[in-house]
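Asks: Numbered according to our numbering, the sequence shown spans residues 5 to 228.
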Amino acid sequence: MAPILGERTDLRSVAMPIVAAGDQRWPVAAMLRPLLDAAIHWMRGGLPLDTLKIVAHGDTQVREATEVFALARSAAAADTAAAQTDEDFDVFLSYAREDSALVDDLAQRLRHKAPAIRIFLDRKNINVGTAWQPEIFESLDRCRKVVALFSPDYLASKVCKEEFNIAWARSRDCDREILFPIYLFTAKLPTYMSYRAYFDCREGDAARLEGACDALLAALAPGL
Numbered sequence: 005m006a007p008i009l010g011e012r013t014d015l016r017s018v019a020m021p022i023v024a025a026g027d028q029r030w031p032v033a034a035m036l037r038p039l040l041d042a043a044i045h046w047m048r049g050g051l052p053l054d055t056l057k058i059v060a061h062g063d064t065q066v067r068e069a070t071e072v073f074a075l076a077r078s079a080a081a082a083d084t085a086a087a088q089t090d091e092d093f094d095v096f097l098s099y100a101r102e103d104s105a106l107v108d109d110l111a112q113r114l115r116h117k118a119p120a121i122r123i124f125l126d127r128k129n130i131n132v133g134t135a136w137q138p139e140i141f142e143s144l145d146r147c148r149k150v151v152a153l154f155s156p157d158y159l160a161s162k163v164c165k166e167e168f169n170i171a172w173a174r175s176r177d178c179d180r181e182i183l184f185p186i187y188l189f190t191a192k193l194p195t196y197m198s199y200r201a202y203f204d205c206r207e208g209d210a211a212r213l214e215g216a217c218d219a220l221l222a223a224l225a226p227g228l
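If you want it as structure tokens, here you go:
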């Protein structure tokens with residue numbers, strides 16, 4: 005769904021069946037658990053959906069599904085609480101200096117919508133005279149989401165690509181989506197960036213940036 009939803013701003017709710025639990029006779033619990041795990045992973049990662057409805061047919065399926073949902077809800081709440089323990093920032097903005105004007109606008113939009121949001125923006129958060137690179141890398145480990153703003157200048161920056169790779173490594177280590185890519189200006193993206201779900205806001209499209217802000221805040225909602 006990621007490629008379709010990345011191009012649609014009007015589609016916020018999707019319904020699907022519990023696959024293979026009908027004529028193929030797989031237990032509801034066996035199929036629903038991986039479906040929920042995948043849905044939580046991608047929606048936390050910024051997939052632009054407000055609601056994913058998973059349809060159960062018949063009272064038996066409903067009872068089994070309700071039990072699985074209850075366990076998943078408890079596990080997700082525990083994961084969110086644990087993940088926030090050592091995190092000082094909600095958002096780390098990873099961007100090229102040449103794109104500063106749009107990045108400042110993005111930060112203002114986020115603060116307008118969520119005044120309590122904690123944003124790491126290197127020009128604002130690093131004290132003059134300190135060793136900037138270690139502080140940036142440490143801050144990458146203390147944020148909930150890394151917003152990577154793709155552009156030609158981003159791809160030309162060694163530091164930007166290091167920030168992206170650190171966030172990617174964190175995602176793999178903690179099994180939680182840290183990266184939230186926004187495609188800001190047209191560029192020849194490398195495969196390891198282009199295959200990820202991203203928000204297409206080329207060429208700095210204001211309406212799409214507004215939608216990306218809403219999706220980011222929705223992904224951060226449990227802690228804001």
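Using N, Cα and C, we set each Cβ at its ideal position, and we do this for glycine too.
#1: CA-CA distance, ARG174 and ASP145?
#2: Specify the secondary structure class of PRO38 as computed by DSSP and reduced to three states.
#3: Report yes if the C-beta distance between ARG122 and PHE141 is below 8 angstroms; otherwise report no.
#4: What residue range is occupied by the uninterrupted alpha helix (DSSP H) comprising LEU153?
#5: Under 8 angstroms Cβ to Cβ from ARG37, same chain only, skipping five residues before and after it: list those, please.
#6: If contacts are defined as beta-carbon pairs under 8 angstroms, then HIS52 and ALA171 qualify, I think. What distance do you get, rounded to the angstrom?
#7: In the DSSP output, what is PRO21 paired with across the bridge?
#8: If you draw a straight line from the C-alpha of ARG200 to the C-alpha of ASP14, how long is it?
#9: Could you tell me which residues DSSP puts in a beta bridge with VAL4?
#10: For TYR202, does the three-state DSSP call read helix, strand or coil?
#11: For TYR196, which beta-bridge partners are listed by DSSP?
Replies: The relevant details are as follows:
#1: For the purposes of this step, residue 174 is identified with residue 170 of the sequence shown, where counting begins at 1. For the purposes of this step, residue 145 is identified with residue 141 of the sequence shown, where counting begins at 1. Rounded to the nearest angstrom, the two C-alpha atoms are 8 angstroms apart.
#2: Start at 1 with the first residue of the sequence shown, and residue 38 comes out as number 34. In the structure shown, PRO38 sits in a helix (DSSP, three-state: H, G or I).
#3: Position 118 of the sequence shown, counting from 1, holds the residue named residue 122. Position 137 of the sequence shown, counting from 1, holds the residue named residue 141. The answer is no: Cβ separation not under 8 angstroms.
#4: Position 149 of the sequence shown holds residue 153. In the DSSP assignment, LEU153 falls outside any alpha helix (DSSP H) and lies within the beta strand (DSSP E) extending over 147 to 154.
#5: Translated into the one-based positions of the sequence shown, residue 37 becomes position 33. Excluding positions up to five away in sequence, the list reads VAL72, ALA76.
#6: Reading the sequence shown from its first residue, position 48 is the one you call residue 52. Reading the sequence shown from its first residue, position 167 is the one you call residue 171. The residue you asked about is not His; residue 52 is Pro in the sequence shown. In this structure PRO52 is not in contact with ALA171, their Cβ atoms being roughly 19 angstroms apart against a cut-off of 8 angstroms.
#7: The residue you call residue 21 lines up with position 17 of the sequence shown. Answer is VAL59, bridged to PRO21.
#8: Residue 200 sits at position 196 when you count from the first residue of the sequence shown. Residue 14 sits at position 10 when you count from the first residue of the sequence shown. Answer to the nearest angstrom: the Cα atoms are 21 angstroms apart.
#9: Examination of residue 4 is not possible in this model, given that the chain is present from 5 through 228 alone.
#10: Walking along the sequence shown from the start, residue 202 turns up at place 198. Residue state for TYR202 is assigned as coil, using DSSP reduced to three classes.
#11: If you number the sequence shown from 1, residue 196 lands on position 192. Paired residue(s): none; TYR196 is not in a bridge.
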